[in-house]
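Some notes on the structure that comes next.
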Amino acid sequence: LNRQSTMLARRQKAVALKVAALMKAKQAELQKKVQGEWLREEMAAREARGESTGVMGSFGAMKTVMARLKTELQQERVRLAALHGEVFDGKSGTSAGEAAEQAAAKLGEGADGQAPIVRPGDASIAAPFTSRVPSIRSVVTLIRQGRCTLLSALQQQQIMMLECMISAYVLSALSLEGARSSERQMMASSWLIMTASLAFSYSTPIDRMHPVRPPRSLFHPAIVISTLGQAAIHLFCMIYAVKMATDAMGPDELAAVRAFYKRIRESEEAKLAAQAELAAEQAEADFEDPLAEIMSLWQAPFKPNLMNTVVFLVETAQIISVLFVNYKGRPWMKGLMENHPLFLSVFACVGGVGFCAWGVSPTINAMIHLHPFPDDDFRWKVMGLVCASIIGTFIWDRLVTAIFARRIFRAMLSEAMKTRMADLWPVAVSLGKTALVLVVLGTGNILIIIGAIWWYRRQGQQKQAAELAATA
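Counting from 82, one number per residue, gives the positions in the sequence shown under this note's numbering.
Structure representation (structure tokens):
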């Protein structure tokens, strides 16, 4: 079934490339007619009807000719779809006319002009999964897609619970000391978290259906105990991080932080009172500048402090850890190493925490309101908490799965044992592409950016041409 699916996909891709080439040639042919023959015919027809042939008449003739071009292209597209769009049968010896009649009949347009025929699957066009492939493999595809969807729902519920617990404690710990998170820090971390979350959400089923079924309920012992244990590990690391930071800061610096934000709150209350007096005038000028709003967030007053810095770095690592640990992967969906954005986000997170902790670039640290760490011993403790959050929760999750879901653990372990060093090459290629894009964008030269886009499209066209030549 997988070989048949691959063969049909290749055939359909070859047909699509062939139809695109034919449509491009037909469009060029019709464009020549538009600029010459058709326009002259339309102007002659307008003159015969006694209509204007001046400037406005030329505009009217061009409008009519372009409508004719659109109609011709639509008819050509339908004709090519009837001739080349049937990739499932592909019997040799079928003439173009017979193929067109068969395709038209399958499209629901009878040759005798009768009403369209309702095809199987039309009634479920709004369903989450619909397949019109004339093969029994649709059943297998449905099961694979259903398992992947089930696991995606379980993953989303797990990460929602864990992220809520982590965020709730972070807000409580900062509020008790009169501090808060920095807008710049949230902007900086949101890009990495958003990339990992999107990669986590758009999971894809693999081509082969595994005999072992995945967990079917959120209340499965392996899911419940794993989630509770992960929450305990994350909260322990965060509590220890807050204690480390408060002990290193001392009561005087903590009092200075509280006094700073107290003054900020008082000034904000006074500003709101002053703005309330001008509410009527501002309501008349109903205009909001999004750039001004973003700049106001970027320039919001903030006092960098050690506790905020430690909490920010550990919290970011824990959120990425939640996505990394609870991604189920093979044998029901693409594995972690096949999900390149999520895989690279984990290492980018650990590397970013080390980069900020050691102050490799003081300019970047100052830009996102990070306070320098007191010594290397403190830095290594923070890195230890980050590694404990990632590695500790991963070991706990797999241990609980091995105890309460042995068949599932064996299936996951057997897939993990198939990993080879060669599997790292696609990840390295994706990393190189990402780095190259960042370098090109970092130059700020519009000519280099345009040249890179042109080169990328050129490579894609050459690849399509090679595939078309190989399948011809």
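Note that the Cβ used here is the ideal one computed from N, Cα and C, for glycine as well.
If we count the other Cβ atoms within 10 Å of its Cβ and call it buried at 16 or more, is Glu110 buried or exposed?
exposed
Please tell me whether Arg149 and Gly138 are closer than 8 Å, where the distance is taken between their beta carbons.
no
Beta-carbon contacts of Leu235 that lie in its chain and below 7 Å, excluding the five residues immediately before and after
Pro296, Leu299 and Ile304
Boundaries (first-last residue) of the alpha helix (DSSP H) holding Asn389
Leu387 to Val406
Using 8 Å as the threshold, is the C-beta distance between Cys430 and Ala398 below it?
yes
Close-in-space but distant-in-sequence residues of the same chain around Tyr321 (CB under 8 Å, 5 per side omitted)
Within the same chain, Tyr321 has close Cβ partners Leu466.
Among Ala142, Leu154 and Ile401, whose alpha-carbon lies nearest the alpha-carbon of Ile247?
Ranking Ala142, Leu154 and Ile401 by Cα distance to Ile247 puts Ile401 first.
In this structure, how does DSSP classify Met65 when only helix, strand and coil are distinguished?
As shown, the chain starts at 82 and ends at 553. That puts residue 65 outside it, with no answer to give.
Coil, strand or helix - Pro296 by DSSP:
coil
Which partner residues does Pro286 have in the DSSP bridge list?
Met414
Can you find the residues in the same chain that come closer than 6 Å, C-beta to C-beta, to Lys94, ignoring five residues on each side of it along the sequence?
Beyond the five residues adjoining it in sequence on each side, Lys94 comes within less than 6 Å, by CB distance, of no other residue in the same chain.
Quick check on Phe393: buried or exposed, where buried means 16 or more other Cβ atoms within 10 Å of its Cβ?
buried
Using a Cβ-Cβ cut-off of 8 Å (strictly less than) and excluding sequence neighbours within five positions of Ala97, which residues of its own chain qualify?
none
Whole-number beta carbon distance between Met325 and Lys514, since they are thought to touch under 8 Å:
Going by Cβ atoms, the distance from Lys514 to Met325 rounds to 39 Å, so no, they are not a contact pair.
Alpha carbon to alpha carbon, how far is Val434 from Ser271?
Rounded to the nearest angstrom, the two C-alpha atoms are 14 Å apart.
What first and last residue would you give for the alpha helix (DSSP H) that runs through Lys409?
From DSSP, Lys409 is part of no alpha helix (DSSP H); its letter is neither H nor E.
Quick check: Leu255 and Asn389, are their CB atoms within less than 8 Å of each other?
yes
Using CA coordinates, which residue listed in Phe424, Trp506, Arg460 and Met319 is at the minimum distance from Ala249?
Met319
Boundaries of the alpha helix (DSSP H) in which Phe454 is found, first to last residue:
DSSP places Phe454 outside any alpha helix (DSSP H), giving it a letter other than H or E.
Kindly list the residues whose CB is nearer than 6 Å to the CB of Arg411, restricted to its own chain and excluding five residues on each side of it in sequence; keep chain order.
Glu496
Could you tell me whether the segment 476–486 touches the segment 411–426, using the rule of 3 or more Cβ pairs below 8 Å?
no
Could you give the distance in angstroms between the alpha-carbon of Arg538 and the alpha-carbon of Leu279?
25 Å
Could you have a look at Val441 and say whether DSSP puts it in helix, strand or coil?
coil
Please give me, in chain order, every unbroken run of the beta strand (DSSP E) with length at least 3 that falls completely inside the segment 207–269.
none
Quick check: what's the CA-CA separation for Ala546 versus Leu522?
29 Å
Are the beta-carbon atoms of Thr327 and Leu316 separated by less than 8 Å?
no
Taking the alpha-carbon positions, what's the Val81 to Ala340 distance?
There is no way to answer for residue 81, as the model of the chain reaches only from 82 to 553.
Taking Cβ to Cβ, would you say Met448 is nearer than 8 Å to Arg265?
yes
How many Å lie between Met147 and Val115 at the Cα?
8 Å
Using a Cβ-Cβ cut-off of 8 Å (strictly less than) and excluding sequence neighbours within five positions of Ser176, which residues of its own chain qualify?
With a pLDDT of only 42 at Ser176, under the threshold of 50, the placement of this residue in the model should not be trusted; the figure read from the coordinates follows. No residues qualify anywhere along the chain.
Three-state secondary structure (DSSP) at Lys384?
Reduced to three states, the DSSP call for Lys384 is coil.
Taking C-alpha atoms, which residue in Met275, Val395, Met418 and Glu122 lies nearest to Asp504?
Selected option, being the one with the closest Cα: Met418.
Output yes or no for whether 8 Å exceeds the beta carbon distance between Phe490 and Tyr408.
no
On a Cα-Cα basis, can you pick out the residue from Met330, Leu519 and Lys415 that is closest to Pro455?
Cα-wise, what sits closest to Pro455 is Met330.
Just confirm the distance between the C-beta atoms of Glu244 and Val395, as a whole number of angstroms; I'd bet it's less than 8 Å.
Their Cβ separation, rounded to whole angstroms, is 14 Å, which puts Glu244 and Val395 out of contact at 8 Å.
Rounded to whole angstroms, what's the CA-CA distance from Val391 to Val520? Just pull it up for me.
30 Å
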